Each structure stands twice: as C-alpha cells, then as structure tokens.
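Colleague: Going by my numbering, the first residue of the sequence shown is number 92, and it counts up by one from there. This is the structure I want to talk about, given as structure tokens.
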Amino acid sequence: MTAQTPVTPEISLVEAVWRYRLMSLIIVLASVLASVAATEILFGGATATARFAVTDPTNNNNALRMGVVSGQGYAAYTAQRAAFAGSTPVMARAAEIVKSKHGPNLTGEQLRGRVKTSSKPDGGVVVVTATGSNMPEAAVIANAVLQAYQDVTVSTNNSNLDDQIKGLKEQETKITEQMQSTQAGTHPYKVLQSQLAKLQSDESGLLSARSKNNDGVQFTDTADPTAPTPSKLPQNGAIGFAIGAILACIVSFLRASSRPRGQVRGAPAAAMGGVPGGAPGGALGGPGTPMPELPAGRSYQGRRSLGDGRDDGYRSEAYRSEAYAEEP
Numbered sequence: 092m093t094a095q096t097p098v099t100p101e102i103s104l105v106e107a108v109w110r111y112r113l114m115s116l117i118i119v120l121a122s123v124l125a126s127v128a129a130t131e132i133l134f135g136g137a138t139a140t141a142r143f144a145v146t147d148p149t150n151n152n153n154a155l156r157m158g159v160v161s162g163q164g165y166a167a168y169t170a171q172r173a174a175f176a177g178s179t180p181v182m183a184r185a186a187e188i189v190k191s192k193h194g195p196n197l198t199g200e201q202l203r204g205r206v207k208t209s210s211k212p213d214g215g216v217v218v219v220t221a222t223g224s225n226m227p228e229a230a231v232i233a234n235a236v237l238q239a240y241q242d243v244t245v246s247t248n249n250s251n252l253d254d255q256i257k258g259l260k261e262q263e264t265k266i267t268e269q270m271q272s273t274q275a276g277t278h279p280y281k282v283l284q285s286q287l288a289k290l291q292s293d294e295s296g297l298l299s300a301r302s303k304n305n306d307g308v309q310f311t312d313t314a315d316p317t318a319p320t321p322s323k324l325p326q327n328g329a330i331g332f333a334i335g336a337i338l339a340c341i342v343s344f345l346r347a348s349s350r351p352r353g354q355v356r357g358a359p360a361a362a363m364g365g366v367p368g369g370a371p372g373g374a375l376g377g378p379g380t381p382m383p384e385l386p387a388g389r390s391y392q393g394r395r396s397l398g399d400g401r402d403d404g405y406r407s408e409a410y411r412s413e414a415y416a417e418e419p
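Next up, the structure:
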C-alpha cells in the first residue's frame, strides 16, 4: 500500500502576519512613506478661489448688454466671460498686478498655468481658482485675476466705443465739408444736414454709453489670504497605511501558506518504506505497511527487531508512540 500524504495544517491570517511581522512592518512603513511623498509632490502648495457675478446683459443700463433674453443664453454669456477672464490680455494685466503687490514675478503665460476659470451651470457667476506655494500667494494671484478682468473689460469696452466715436466723427467731418460746397436750402444740402444730425445723435449716444461704461460685474467675492490651508497629508497617510496593511496581510499569508508549519516528522521515513531510522522498506513498517512473508512454521510474534538486530531502545520515542503500540 502507498503511504498516505500528510495533511497540510491550516494557518490563520493573524499567525501568518505575526510570523512575518518584520516584513509586514516594512511594507506598511513603505506604503505610508510613499503616500506622504506623493501628497507633497502632487498636492503641495495652496489653492485660493475668487468669484464674481456678471451683470444681466438684458439690463438697459449695462454697457455689456448683448441682447440675451433666455436663461440658456445667459449661461452661454457667462461662459464667454469666464473664457475672457482666462484670456491673454487678462493674464498679462494680472501678472503686472501680482508683481506690483510683491508677489511672484511671473509672465502672463506662466500665470495662465496657475489659474483656472469656470462658470456655474446656471450662469451668472464666474469662478477663478489659483494655485501658489502658500495661501497668501494663491490669494494674491486669484484676486489679481479678478481685478485684471475688471480693468481689461473696461478698457476693451472703452476702446470699442472710442473706435465707433472716431468713425462717426470722421463721417461728420466729410459731411460738413460737403455741406460747405453745397448751396444752402437745396435738396442735397438738406439731405446732408439730415445725415449730419443723425451722426451727431449716434455720437451723443456713444458718449453717454462711454460715461456709463462699467466692468459688467455685479459683485465680487475675493480670496482670503489669511485662510488656513487644508492639508491632505493625514487623509492620504491613513490611506497609505490601510493599503500597506492589506498588502502585508496578503504577502504574509501567501508566504506562510507556501511554508506550512508543523510538517510531519516521519515524512522522510515514509520515503524509506515507512520505517524510521532507515530500515528497509517493508521491514516492520507502520500501520498499513504489509509484512514480508516468512517460511512456513515461523511468525513475527515475540520478535523484537528485524533485519538489523537493533533493540527497541534505539528507536525514537515518536516511532514507538506513533507507529507501534506497546504490546501487553
């Protein structure tokens, strides 16, 4: 008969971790350190947020009115203003403001990499988010972008109005010259006179609009440079600890399963036929081992040993207790 394969004893997870506790501790510490390093690299610095609300363009007193009459159109208009807040002219002006407030010396393009502008889905509010090495620096950048948006908006609108006024004045000058060469009271003279009056009326309207020109901002919510900087280090450190603990448990259990404790000591002897001490196979084997046949008239009763003539005193205690029962 073939010797039975010894059953591998089961091992608990706690026992596996305790057996490889040094390795488990190293894995947990490495995971925590990796999470801390990633936090410092990826989430270092501070973030500040400033907001401003744009004026309803349907307001007749607003120089920025665009003829928007629906909520969807208002949201689209707000998204356009958010895109304008991140444009090159605004970033260039914001860089000048940051430098004047003793902030970092950055160009407009460098500042663009630190600023993100967006609008609310329902429209009306533009959000400016800026990053910096610390909260005061981030707040200075966010507030500078807000101020730059207002300055550039006013200057752009004034420039557009000035161009229109300049064009009207040029037309008025030409018509005036034509009137001087035209006889007064004639029909052509009256036509030129009517055109001149219309141009002067348009010019008056543009001058009035320029005097009422504004930045199109209803209110502002500036960033607070004294606000505390929220740290993600404790949270990410705890996440790293949890990941490390899980990895340590998995690795420890796999190693312990591949090296089970409590292996049967008689396994080498089983390879020799089930007899400890290197006895020949089949010579007085353990339970389940067939005895060799003897000549007729002879039996094993009363024999103390076979083959090598060894006494029971030389047999191991495990061999006598496990393989053979004491005879009465």
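All residues carry an ideal CB built from backbone N, CA and C; glycine is no exception. Quantities reported herein were computed from a predicted structural model and do not represent experimental measurements.
Out of curiosity, what's the CA-to-CA distance linking Glu106 and Val342?
Modeller: Looking up residue 106 in the sequence shown gives position 15. Looking up residue 342 in the sequence shown gives position 251. When rounded, the distance between both Cα atoms is 13 Å.
Colleague: Does the Cβ of Ser115 have 16 or more other Cβ atoms within 10 Å, making it buried, or fewer, making it exposed?
Modeller: Numbered from 1 along the sequence shown, position 24 holds the residue referred to as residue 115. Result: buried.
Colleague: Among Tyr165, Ala129 and Ile256, whose alpha-carbon lies nearest the alpha-carbon of Ser295?
Modeller: In the sequence shown, counting from the first residue as 1, residue 295 sits at position 204. Ranking the options by Cα distance to Ser295, first place goes to Ile256.
Colleague: Looking at Leu202: is its Cβ nearer than 8 Å to the Cβ of Met182?
Modeller: Counting from one through the sequence shown, the residue named residue 202 turns up at place 111. Counting from one through the sequence shown, the residue named residue 182 turns up at place 91. It is a contact, given that the beta carbons lie within the stated cut-off.
Colleague: With C-beta atoms as the reference, is Gln241 less than 8 Å away from Asp312?
Modeller: As a position in the sequence shown, residue 241 is number 150, starting the count at 1. As a position in the sequence shown, residue 312 is number 221, starting the count at 1. No, the Cβ-Cβ distance between Gln241 and Asp312 is not below 8 Å.
Colleague: In or out: Thr179 buried (at least 16 other Cβ within 10 Å) or exposed?
Modeller: Numbered from 1 along the sequence shown, position 88 holds the residue referred to as residue 179. Exposed is the call here.
Colleague: Would Ser210 be called buried (16 or more neighbouring beta carbons within 10 Å of its own) or exposed?
Modeller: Within the sequence shown, residue 210 is the residue found at index 119, counting from 1. Buried, since its Cβ has 16 or more Cβ neighbours within 10 Å.
Colleague: Is the region 120-134 touching the region 327-338, taking contact as three or more C-beta pairs under 8 Å?
Modeller: Enough Cβ pairs lie closer than 8 Å, so yes.
Colleague: State yes or no: is the C-beta of Leu237 within less than 8 Å of the C-beta of Phe344?
Modeller: Your numbering for residue 237 matches position 146 in the sequence shown. Your numbering for residue 344 matches position 253 in the sequence shown. It is not a contact, given that the beta carbons lie outside the stated cut-off.
Colleague: Start and end of the beta strand (DSSP E) containing Gly223?
Modeller: By one-based count along the sequence shown, residue 223 stands at place 132. Val216 to Gly223 is the extent of the beta strand (DSSP E) around Gly223.
Colleague: Give me whichever residues DSSP pairs with Phe310 in a beta bridge.
Modeller: As a first step, residue 310 must be located in the sequence shown, where it is residue number 219. Answer is Ala144.
Colleague: I'd like to know whether the C-beta atoms of Val231 and Val189 end up nearer to each other than 8 Å.
Modeller: Against the sequence shown, residue 231 aligns to sequence position 140. Against the sequence shown, residue 189 aligns to sequence position 98. Yes. Within cutoff.
Colleague: Expressed to the nearest angstrom, what Euclidean distance is found between the alpha-carbon atoms of Ile102 and Arg112?
Modeller: Walking along the sequence shown from the start, residue 102 turns up at place 11. Walking along the sequence shown from the start, residue 112 turns up at place 21. The alpha-carbon atoms of Ile102 and Arg112 are separated by roughly 15 Å.
Colleague: Mind listing, in chain order, the continuous alpha helix (DSSP H) runs of no fewer than 4 residues lying wholly within the region 222-249?
Modeller: Runs found: none.
Colleague: Answer with buried or exposed for His196, where buried requires no fewer than 16 other C-beta atoms within 10 angstroms of its C-beta.
Modeller: Taking the sequence shown and counting its residues from 1, one reaches residue 196 at position 105. It should be noted that the sequence gives Asn, not His, for residue 196. Burial call: exposed.
Colleague: Asn248 to Thr198, Cα distance in whole Å?
Modeller: Numbered from 1 along the sequence shown, position 157 holds the residue referred to as residue 248. Numbered from 1 along the sequence shown, position 107 holds the residue referred to as residue 198. Their backbone Cα atoms lie some 24 Å apart in a straight line.
Colleague: Suppose you measure from the CA of Gln271 to the CA of Pro279; what does that come to, to the nearest Å?
Modeller: Residue mapping note: residue 271 aligns to position 180 of the sequence shown, counting from 1. Residue mapping note: residue 279 aligns to position 188 of the sequence shown, counting from 1. Approximately 12 Å, taken between the alpha carbons.
Colleague: So the alpha helix (DSSP H) Lys192 belongs to, where does it begin and stop?
Modeller: In the sequence shown, counting from the first residue as 1, residue 192 sits at position 101. Premise fails: Lys192 is in no alpha helix (DSSP H) and is neither H nor E.
Colleague: Give the C-beta separation of Ala235 and Ala137 to the nearest angstrom, bearing in mind that I take them to be a contact with Cβ-Cβ under 8 Å.
Modeller: Indexing the sequence shown from 1 puts residue 235 at position 144. Indexing the sequence shown from 1 puts residue 137 at position 46. With 8 Å as the limit, Ala235 and Ala137 do not qualify as a contact, their Cβ atoms being about 15 Å apart.
Colleague: Applying the criterion that 16 or more other CB atoms from any shown protein chain within 10 Å of the CB defines a buried residue, is Arg184 buried or exposed?
Modeller: Looking up residue 184 in the sequence shown gives position 93. Label assigned to Arg184: buried.
Colleague: With distances taken from CA atoms, which of Phe175, Phe134 and Gly215 is nearest Gln88?
Modeller: No statement about residue 88 is possible, as the shown extent of the chain runs from 92 to 419 and does not include it.
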